[in-house]
Amino acid sequence: MVSSDSVDAQFSPVDISIKLAIAIGIGMLVGLEREWSQKDLGTRTFTIVAIAGALSILAGPPIAYITFAGVLLIVLLTALHNVREGRPVEATTSAAVILTFVLGILIGQGQHYTPVAAAILMTLLLSLKPALTHFAGGLLVTEVRSAVSLGLLAFVIYPVLPNRRVDPWGLLNPREAWLIIVVIAALGFVNYVLLKSYGSRGLNYSAILGGLVNSTAAIVELAGSIKNQPGDIATLAVTVDLLTVVAMFVRNLIILAIFAPPAVVSAAGPMIVMILAAAVYIWGGRKNQQGNDGIVQLSSPLSLAKVFQFGFIFVTIEIAGSLGQRYFGHLGFLLVSLIGGLVSSASTVGAAATLAMHQSIDMQTAGFATVLTSMTSALSNLPLIQHEIRKWAITRRVLIFSCVIVGLGILTMALMHAFR
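Counting in the numbering used here, the sequence shown runs from 721 upward without gaps.
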């Protein structure tokens, strides 16, 4: 056992006070959430457990083991009491008590960031139980299987892929290509989760979240809902299209920022100008957007078939872009980016970022390619809207505002290039 004199020699009163304050803080944080959830073990219990963990490790490992056994006994007695009363065992609360004790030990050892961060994350998970339960209950078996399969592909296959150019022309690095595919698919899945959680709140939410997942598929679904809405359908159609496009712009900027951060400087200017122009129209027509209902029913982007399809498109665009750059210079790559926007702007942005990372193209070209492919993707919505709504007057109005926004983006790019 460590004597009080040795503890005082190792830790000053100020250090001890800081450790106790942090232990009390994380104990109360987790305990308040459990008490708010009306659990048997609440604020006082969790705070005492955290303090016990911090002090027991100061007294020495034997005392820490004995104290931990006491914590386990408390957890066991609480579970037995609940069983006798015919109530749930509350396994999650029991696990939280044990983890709080471990965090207290870390605090006693002098660590601050790890226990505080872990306590915040644990409290967040505990408080999200209703939302997580609701979301998990709405998952389809195919979605769960696809997510698990993608995880296996990402963490099992990715490490064994060769990290070099494997073709005679030096165009394709399998590991880098797979990493970009997995990251973009994961980003799409996060947006898909948000869509399932909040997409039922109306057309505006559906347009934004659907655009983050797949703007083309979202427009097809939303256009079918627009034609059945009351009020000014033309204004609503423009608003929904612009919201979807703005979400797609933001997603593409995020992808570019992940893989080629310096290129964002070139892409951000035109994209922000287009986003602001769209925001002005959306704000001006907000009175016509109230009371419009619509839900986008998109399938999971983590379907293995979709992942492989996306991977094929990405690799094709990367190879085409490399060849275009090699034989026709920057204009060749920008032309490939324009065409790529008709198929998948996310794939095109990923390809541009990859080439920029390897200095096959400069960062400004990658940024402008992101803008051009986003513009093409935005304009490709027009025939889809016309096909679903079948009213040229409405499509023409969407066309006019889309061209204005794209024109502003082109003007901004031209000015940036002129004053480079």
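Note that beta-carbon positions come from the ideal geometry of N, C-alpha and C, so glycine has one too.
Could you tell me whether the Cβ atoms of A927 and L973 are closer together than 9 Å?
For the purposes of this step, residue 927 is taken as the residue at position 207 of the sequence shown. For the purposes of this step, residue 973 is taken as the residue at position 253 of the sequence shown. No, the Cβ-Cβ distance between A927 and L973 is not below 9 Å.
State the DSSP-derived secondary structure class of G762, mapped to helix, strand or coil.
Along the sequence shown, one-based indexing puts residue 762 at 42. Looking at G762 - three-state DSSP - the assignment turns out to be coil, as it is neither helix nor strand.
Look up S726 in the DSSP assignment and say whether it is helix, strand or coil.
What you label residue 726 is simply residue 6 of the sequence shown in a count that begins at 1. Because S726 sits at a pLDDT of 49, beneath the cut-off of 50, its placement in the model cannot be relied upon, and the point is left open.
Return the chain-ordered list of same chain residues with a C-beta closer than 7 Å to the C-beta of G1011, the five sequence neighbours on each side being excluded.
For the purposes of this step, residue 1011 is identified with residue 291 of the sequence shown, where counting begins at 1. With a pLDDT of only 49 at G1011, under 50, the local geometry of the prediction cannot be trusted, and the value read off the model is given with reservation. Closer than 7 Å at Cβ, skipping near neighbours: no residue.
Looking at C-beta atoms only, is the number of pairs between the region 970-988 and the region 1089-1096 that lie closer than 8 Å three or more?
The region 970-988, when compared against the region 1089-1096, does touch it at the 8 Å Cβ threshold.
Residues in the same chain with beta-carbon distance under 7 Å from R895, minus the five sequence neighbours each way, listed in chain order, please.
Walking along the sequence shown from the start, residue 895 turns up at place 175. Here the set comprises Y878, L881, P882, N883.
Just verifying my parser: in three-state terms, what is the DSSP assignment at V803?
Against the sequence shown, residue 803 aligns to sequence position 83. In the structure shown, V803 sits in a helix (DSSP, three-state: H, G or I).
Quick one: what does DSSP say V886 is sitting in, helix, strand or coil?
Residue 886 sits at position 166 when you count from the first residue of the sequence shown. V886 falls in the coil class under three-state DSSP.
So E770 and I744 are in contact, right, with Cβ under 8 Å, and what is the actual spacing, rounded?
As a position in the sequence shown, residue 770 is number 50, starting the count at 1. As a position in the sequence shown, residue 744 is number 24, starting the count at 1. The displayed chain sequence assigns Ala, not Glu, to residue 770. The pair is a contact, with the Cβ atoms about 7 Å apart (cut-off 8 Å).
Does the region 1070-1080 come close enough to the region 1104-1111 to have 3 or more Cβ pairs within less than 8 Å?
Verdict: no, contact absent.
Comparing alpha-carbon positions, which option in P1103, L1135, Q758, N802 lies nearest I939?
Residue mapping note: residue 939 aligns to position 219 of the sequence shown, counting from 1. Closest by alpha carbon: P1103.
Grab the span of the alpha helix (DSSP H) containing R1140 for me, first residue to last.
Numbered from 1 along the sequence shown, position 420 holds the residue referred to as residue 1140. Counting along the chain, R1140 falls outside any alpha helix (DSSP H), and DSSP gives it neither H nor E.
Run through the region 935-1010 for me and flag every whole alpha helix (DSSP H) of 4 or more residues, listed as ranges in chain order.
Correct list: 953-979, 984-1004.
What did DSSP end up calling E753 once you bin it into helix, strand or coil?
Indexing the sequence shown from 1 puts residue 753 at position 33. It is helical.
Would you give the residue range spanned by the alpha helix (DSSP H) that F875 belongs to?
As a first step, residue 875 is located in the sequence shown; it is residue number 155 there, counting from the start. Run containing F875: none; DSSP gives neither H nor E here.
Which same chain residues end up closer than 7 Å to G857 when comparing Cβ atoms and leaving out the 5 residues on each side of it in sequence?
Numbered from 1 along the sequence shown, position 137 holds the residue referred to as residue 857. So the list is empty, once near-sequence residues are dropped.
Does D961 come within less than 9 Å of chain D when only Cβ atoms are used?
Given the protein chain composition of this structure (a single chain), no chain D is represented.
Would you kindly check if the distance between the Cβ of A897 and the Cβ of E810 is under 9 Å?
Locating residue 810 in the sequence shown gives position 90, where the first residue counts as 1. Locating residue 897 in the sequence shown gives position 177, where the first residue counts as 1. It is not a contact, given that the beta carbons lie outside the stated cut-off.
Give every residue of the same chain whose Cβ lies closer than 6 Å to the Cβ of V902, excluding the five residues on either side of it in the sequence, and list them in chain order.
As a working note, residue 902 is residue 182 in the sequence shown. Closer than 6 Å at the Cβ level, and outside the excluded window around V902, lie A874.
Looking at C-alpha atoms only, which residue of G1061, I742, M1095, L797 is the closest neighbour of L1128?
Against the sequence shown, residue 1128 aligns to sequence position 408. When only C-alpha atoms are compared, the closest one is M1095.
Considering only the alpha carbon of each residue, which of Q831, E755, R971, H832 lies closest to I904?
The residue given as residue 904 occupies position 184 in the sequence shown. Among Q831, E755, R971, H832, the Cα nearest to that of I904 belongs to R971.
May I ask you to verify whether the region 759-778 touches the region 821-835, counting CB pairs closer than 8 Å and requiring at least 3?
The region 759-778 vs the region 821-835: in contact.
Starting from I1081 and walking both ways along the alpha helix (DSSP H), at which residues does that stretch end?
Within the sequence shown, residue 1081 is the residue found at index 361, counting from 1. Looking at the DSSP string, I1081 is not in any alpha helix (DSSP H), and its letter there is neither H nor E.
Cutting at 8 Å between CB atoms, please list the residues of its own chain near V1035, excluding the five before and the five after it.
Taking the first residue of the sequence shown as 1, we reach residue 1035 at position 315. Taken in chain order, the residues that qualify are L892, A897.
From what residue to what residue does the alpha helix (DSSP H) around H1107 run?
Translated into positions along the sequence shown, residue 1107 becomes position 387. Start and end: 1101-1109.
Identify the continuous alpha helix (DSSP H) that holds V817 and give its terminal residues.
In the sequence shown, the residue the question calls residue 817 occupies position 97. Where V817 is concerned, the enclosing alpha helix (DSSP H) stretches over 811-828.
Mind checking T1085: buried by the 16 CB within 10 Å criterion, or exposed?
Residue numbering aside, residue 1085 sits at position 365 when the sequence shown is read from its first letter. Label assigned to T1085: buried.
Drop a sphere of 10 angstroms on the beta-carbon of A851, count the other beta-carbons inside from all chains shown, and report buried for 16 or more, exposed for fewer.
Numbered from 1 along the sequence shown, position 131 holds the residue referred to as residue 851. Classification of A851: exposed, given that the 10 Å Cβ count is below 16.
Just to confirm before moving on: does the CB-CB distance between T765 and V817 stay below 9 Å?
In the sequence shown, the residue the question calls residue 765 occupies position 45. In the sequence shown, the residue the question calls residue 817 occupies position 97. Yes, the Cβ-Cβ distance between T765 and V817 is below 9 Å.
Considering only residues of the same chain and omitting the five flanking positions on each side of F1053, which have a CB-CB separation below 7 Å?
Stepping through the sequence shown from its first residue, residue 1053 is reached at position 333. Cβ neighbours of F1053 beyond the five flanking positions: G1041, G1044, Q1045, I1081, T1085, A1089.
For F1028, which option in T936, A772, I1125, I900 has the closest C-alpha, if you only look at C-alpha atoms?
The residue given as residue 1028 occupies position 308 in the sequence shown. Selected option, being the one with the closest Cα: I900.
Does the Cβ of V965 have 16 or more other Cβ atoms within 10 Å, making it buried, or fewer, making it exposed?
Counted from its first residue, the sequence shown places residue 965 at position 245. With 16 or more other Cβ atoms within 10 Å, it is buried.
Quick one: Cα of V1126 to Cα of S1100, how far?
Here the question's residue 1126 lines up with position 406 in the sequence shown. Here the question's residue 1100 lines up with position 380 in the sequence shown. Roughly 12 Å between the two C-alpha positions.
Using only CA atoms, which one of F909, Q1079, T834 lies nearest to L870?
Walking along the sequence shown from the start, residue 870 turns up at place 150. Here the closest residue by C-alpha is F909.
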